[in-house]
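Residue numbers (UniProt numbering): 1 to 84.
Where a beta carbon is used, it is the ideal one built from N, C-alpha and C, also for glycine.
Everything on this sheet refers to the single structure shown next.
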Amino acid sequence: MHCDVTINNVLLEQNFEPRISDFGMARLLSTDLSNWMHIVGSFGYMAPELAFTMRVTDKCDVYSFGVVALEVMMGRHPRDMLES
1 MHCDVTINNV LLEQNFEPRI SDFGMARLLS TDLSNWMHIV GSFGYMAPEL AFTMRVTDKC
61 DVYSFGVVAL EVMMGRHPRD MLES
């Protein structure tokens with residue numbers, strides 16, 4: 001699990017193939033541990049269940065990827081669409 005998928009952590013290669021970077025949070029979570037004692041991830045990309053339960057699952061990264069995909073398609077972060 002990455003635990004911090006954001007638009008800034010998606011890099012494009014020369015032929016525009018995306019690559020995920022910045023695995024710092026993933027290294028902090030050991031393989032037998034899924035609970036955090038403090039909030040991790042980036043505001044606006046964090047899955048609601050992670051924010052409320054502090055339980056990390058692979059679904060958290062799926063949610064974050066969905067936010068990134070929507071941001072790419074719309075040209076701005078979904079939060080900005082709610083504010084306007």
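Expressed to the nearest angstrom, what Euclidean distance is found between the alpha-carbon atoms of residue i and residue j?
{"i": "Gly44", "j": "Phe16", "result": "25 Å"}
{"i": "Gly66", "j": "Gln14", "result": "24 Å"}
{"i": "Arg19", "j": "Glu83", "result": "30 Å"}
Short of 7 Å in beta carbon distance, which residues of its chain neighbour residue i, apart from the five on each side in sequence? Order them along the chain.
{"i": "Ser42", "result": "Asp4, Thr6"}
Please list the terminal residues of the continuous alpha helix (DSSP H) segment that includes residue i.
{"i": "Val62", "result": "58-74"}
{"i": "Arg55", "result": "Element bounds for Arg55: n/a, residue is neither H nor E."}
{"i": "Thr46", "result": "In the sequence as presented, Thr is not what sits at residue 46; that position holds Met. Per DSSP, Met46 belongs to no alpha helix (DSSP H) and is neither H nor E."}
Applying the 10 Å Cβ sphere with the 16-neighbour rule, what's the burial state of residue i?
{"i": "Asn8", "result": "exposed"}
{"i": "Val72", "result": "exposed"}
Going by CA-CA distance only, name the one from the options that's closest to residue i.
{"i": "Tyr63", "options": "Val72, Leu50, Met73", "result": "Leu50"}
{"i": "residue 140", "options": "Pro48, Ala47, Asp61", "result": "Within the shown structure, residues of the chain are numbered from 1 to 84, placing residue 140 beyond reach of any answer."}
Any heavy atom of the ligand ADP closer than 7 Å to the Cβ of residue i?
{"i": "Met81", "result": "Within the structure as shown, the ligand ADP is missing, as the structure has no ligands at all."}
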